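These protein sequence lines map, in sequence, to chains F and S. Each residue of the first sequence is one higher than the one before, counting from 1 in full-length UniProt numbering. Each residue of the second sequence is one higher than the one before, counting from 1 in full-length UniProt numbering. Don't be surprised by glycine CBs; every beta carbon is placed ideally from N, CA and C. Since this is a predicted model, take the numbers as computed values, not measurements.
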Amino acid sequence: MLYRTAGQFKTSYQADQALFPVRQDAVLLAIILAFAWGGLPLLASEFAFQTLLIPILIYSLAALGLNLLTGFAGQLSLGTAAFMGVGAYACYKMVTLMPWMNPVVAILLSGGFSAGVGVAFGIPSLRIKGFYLAIATLAAQFFLVWLFEKWGWLYNYNASGAIQVPNLTMFGIYVSGPQADSRVQYYVVLAVVMLMTWMCINLTRGTLGRTWKATRDMDIAAELIGINLMRSKLTAFAVSSYVVGVAGALFVFMWRGAAEPNLFDIPLSFRILFIAIIGGLGSVMGNYLGAILIVGLPVVLGTVPEALGIPISSATVEHLNVMIVGALIVFFLIIEPHGLARLWALIREKLIIWPFPH
Amino acid sequence: MDGAMRTYRNDEKEGAVSDTGYITADGRQIGGTLMELRNITLKFGGVVAIKDISFDIREGEIRAIIGPNGAGKSSMLNIISGFYTPSEGELWYKGAKRPPMKPYEVARMGIARTFQNIALFEGMSVLDNVMTGRLTHMKAGIASQALWWGRARDEEIANRAVVEKVIDFLEIQAIRKTPVGRLPYGLKKRVELARALAAEPSMLLLDEPMAGMNVEEKEDMSRFILDVNDEFGTTIVLIEHDMGVVMDLSDRVVVMDYGKKIGDGPPDEVRNNQDVIDAYLGVAH
């Protein structure tokens, strides 16, 4: 009943191609956004900001970037963390070389460097596919992390070899560094993630998105109907790496506060790949659901038993977390390869026709 | 037979476009040469798939390529759509010699095709599949697309209108939002035709459009092919095994066997060609 679409008529193609052709979707999203902007910041504690809200948003954005490449354009990549690193280091260099720069502008620009590097490492995709391409992107993963370690200029020759986020202000308010307030950082992250998500939705439902999906589904047919496969794949690498790079800059500047090269190692790449798979390849919303699950699960496992008075050691929590995430991945690969987003789509489809079966 | 051939190929000079056309049995005026294949040979290593074949395709006609299995028909279509580059020979299109090209460049010159085994994009809806056929007409930049503003939005709407016309024409309105993977075979074939038509091609290549269809589906598809030709004036080149369909639909037929051309002309003439009869009924080679 809540999702009844009867009576919502479209009289123009523009109305049919609107972002939310079904009114209930728009209402639902408006409620979520109002809660995210107004409700959560009032309710959440410092702990919730740091362990849940900010990381969920950043991981969602990184997974969205990966999803553009793997889910929409069909090019498997295992180098996500390294591209996040490129974004983070580029942002660090920009704000230390040009301290007057607006930090949000720096974060948005740093994605550009990541996009350039992504295109360079995307060139093998013109020749190889599937697992072989995944191995080629692993080369990016290893090479870039090695570069973050060895190229002193990148971390301003710090003795520690790590980058430390400086205190940066925007309109007189600290947005990054030790003095920044979590609530402010949350708002910055939320704004950037919303902007990027909106643009990604537009790209995936437009010409470029169709080009990518055609390349993914059947590349020979795509070429014969007039798609330049080289352009299609390289734009996918560029846009995906851009989004991932912005996520990487947010990751370090708005959340971690400092970064060592090994932060961007393979485990992070896999973590983001898991979010994209559990959330649903080829979906935008799935990344958020996946991130909520993957980031939220350890927090829930760590706090709920304690609150209920069940004695459980932190090592056990760690093991439980690995086991549950592993089981979930196997479950989704077998039962629902399209992930949580597909589950939601099925529920929505059922709600629209409920209480009738057809 | 020789005399009959001559009336169709009245101009063999280099680069010249013969524009005298002819009138079909059912009274349609066929225009000048749209494409001319000259002495095409295609080799895969030591295997000669096509041996020195020449024929022309005229504007507005329905041209069939027939022949037994392995005769080289699909290879011929692949040469026209740029998927294979001929080992020898020239291909003239719209009065100019066509250099070796990538398939996507050929598609942008107004040559669209369907495939023997359905090659739709399974993960997309019917509407999106047909919209991919319009990609060659969409030029908006990435910024405009990301913001869904200006040129990108205007193009989406304008091209959607064109696509809806094609959807109307092929009577697939009811399934426009259905994912292609859920459709039955016959409808998939129709969606594939819609995708090719959405490009508004000057030349449409159909690789066995009726393979695996039942009689009603074949009748529907035949009617669509005739309507496309009649309404949009699209030149159609088709490969088909169903002789009844070929003889009814096409204006002129090229017959291939073992990579060679053994006949070329109107259906009635080809039907009585001794070489063609031999190829189909089988004689000792």
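- For residue 196(F), no CB of chain S lies under 7 Å from its own CB, so it is not counted at the interface with that chain.
- With its beta carbon less than 7 Å from one in chain S, residue 213(F) belongs to the interface.
- For residue 26(S), the secondary structure class from DSSP, reduced to helix, strand or coil, is coil.
- Close partners of residue 132(S) in chain F (Cβ separation under 7 Å): 210, 214 and 225.
- Residue 218(F) reaches chain S at 119 and 121, counting residues in chain order whose Cβ is nearer than 7 Å.
- In this structure, residue 172(S) lies away from residue 195(S), with their beta-carbon atoms at least 7 Å apart.
- Counting only the Cα atoms, residue 240(S) lies some 59 Å from residue 189(F).
- Three or more Cβ pairs closer than 8 Å define a contact, and the stretch 71-83 of chain F meets that threshold against the stretch 138-154 of chain F.
- Under the 7 Å criterion on CB atoms, residue 221(F) is classed as interfacial with respect to chain S.
- When C-beta distances to chain F are compared with 7 Å, the residues of the stretch 145-174 of chain S below that value are 145, 146, 147, 148, 152, 156, 157, 160 and 161, in chain order.
- Remark: C-beta atoms of residue 343(F) and residue 321(F) do not approach each other more closely than 7 Å.
- Look at the beta carbons and you see the stretch 102-112 of chain F not touching the stretch 269-277 of chain F: under three pairs across the two are nearer than 8 Å.
- Put simply, the stretch 41-59 of chain F does not touch the stretch 205-224 of chain F. Fewer than three CB pairs are less than 8 Å apart.
- Residues of chain F with a Cβ closer than 7 Å to the Cβ of residue 115(S) are, in chain order, 221.
- Residue 64(S) carries a strand assignment under DSSP once its states are collapsed to helix, strand and coil.
- For residue 108(S), the nearest CB of chain F lies under 7 Å from its own CB, placing it at the interface with that chain.
- Cβ contact annotation for residue 257(S) (same chain, cutoff 7 Å, sequence separation greater than five): 67, 68, 71 and 279, in chain order.
- Shown in chain order are the members of the stretch 169-199 of chain F whose Cβ falls below 8 Å from a Cβ of chain S: 199.
- Among the residues of chain S, none has a CB under 8 Å from the CB of residue 286(F); the nearest is roughly 14 Å distant.
- Neighbours of residue 142(S) across chain F, judged by C-beta separation under 8 Å: 203, 208, 235 and 239.
- Residue burial annotation: residue 208(S) is buried, with at least 16 other C-beta atoms found within 10 angstroms of its C-beta.
- If you check the CB distance, residue 93(S) and residue 35(S) come in under 7 Å.
- Closest option to residue 241(F), judged by alpha-carbon separation, among 39(F), 116(F), 4(F) and 290(F): 116(F).
- Shown here, residue 50(F) sits in a helix according to DSSP, grouped into three states.
- Between residue 255(F) and residue 58(F), the C-beta spacing is below 7 Å.
- Between residue 201(S) and residue 64(S), the gap from beta carbon to beta carbon reaches 7 Å or more.
- From the beta-carbon of residue 280(S), no residue of chain F is found nearer than 8 Å; the closest lies around 30 Å away.
- For residue 242(F), no chain S residue has a Cβ inside 8 Å of its Cβ, as the nearest lies near 10 Å away.
- The three-state secondary structure of residue 114(S), taken from DSSP, is coil.
- Rounded to the nearest whole angstrom, the C-alpha separation of residue 290(F) and residue 239(F) is 21 Å.
- The three-state reading of DSSP puts residue 164(F) in strand, counting E and B together.
- Here the stretch 61-77 of chain F makes no contact with the stretch 307-315 of chain F; the two share fewer than three CB pairs at distances below 8 Å.
- When DSSP reads this structure, residue 173(F) sits in a beta bridge with 170(F).
- At a cut-off of 7 Å between beta-carbon atoms, residue 8(F) makes no contact with chain S.
- For residue 252(S), the three-state secondary structure derived from DSSP is strand.
- Here the C-alpha atom of residue 226(S) lies approximately 7 Å from the C-alpha atom of residue 249(S).
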